[in-house]
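Quick notes on the structure that follows.
Residue numbers (this note's numbering): 256 to 515.
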């Protein structure tokens, strides 16, 4: 079976018009699903986009969400294995909560001696080991919703629609629990070029952003974009241009032949 015919409920595949020369695996923010990255392949010529969709989100909203980062990472790596062990260069992009998962996936691939990504693109996320230890996931529904509104941790269109927020609440709560319940020490990452995008108006403290350099051995490139936490939507065109520029050096010389 061709790697391009390999499917999984864990991702939605996008391919633009240009021949595929690289792959970008995208992980959304807390409560987000594959639609966060809808249309990205059209703005990233030559790059196949795999948008991750975990249980409790999007088309899987009725499935029980997972609150265990170890389980999420093990499952994702098993599902992605047929795609990572090929000649196609690949990279990770993760926004907010997705950045934590992307970093952990890279560290696990490193520990396993596996083929590593060309780039790790982190977005709107402070280093988890530099954060104050808080347990938002155990708040009651009213307090949890208030926290989401206070921190602007969820897109406004969700916060303004109570029935939609109620539907998404289990998945949102589970995503917050992923990092809160992670009991293992965060490892160090070697040999992966990393860029961190952050919003000029986001509330993430600068020391938390800078702390990524403590456990990423190569120099981390920082790029400030206009907007707040959800510049991934508000500054989509600018972000995609930056991603395309960053990935341009990872493209295969010869395109990949896709399966029919």
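C-beta atoms are modelled at their ideal positions from N, C-alpha and C, and glycine is treated no differently.
Where residue i falls: helix, strand or coil (DSSP)
i	result
residue 398	helix
residue 449	strand
residue 374	strand
residue 494	helix
residue 501	helix
residue 263	coil
residue 471	strand
residue 477	strand
residue 454	strand
residue 433	helix
residue 296	helix
residue 419	helix
residue 281	strand
residue 302	strand
residue 424	helix
residue 487	helix
residue 386	coil
Minimum C-alpha distance to residue i - residue among the options
i	options	result
residue 420	302, 322 and 396	396
residue 426	276, 307, 287 and 278	287
residue 405	314, 457, 280 and 297	457
residue 338	471, 268, 442 and 356	268
residue 483	409, 353, 402 and 340	409
residue 328	309, 314 and 340	309
residue 306	300, 299, 281 and 285	281
Cβ pair residue i, residue j closer than 8 Å
i	j	result
residue 346	residue 380	no
residue 486	residue 494	yes
residue 451	residue 302	no
residue 296	residue 316	no
residue 324	residue 488	no
residue 277	residue 320	no
Cβ distance (whole Å) where residue i is taken to contact residue j below 8 Å
i	j	result
residue 332	residue 363	6 Å
residue 399	residue 378	Actually they do not touch by this definition, with Cβ atoms about 23 Å apart.
residue 340	residue 370	6 Å
Min CB distance residue i to chain D below 8 Å
i	result
residue 410	In the displayed structure, chain D is absent; only one protein chain is listed.
Secondary structure, alpha helix (DSSP H): runs of 4+ residues fully inside the region 312-356 | List check, alpha helix (DSSP H) in window: 324-339.
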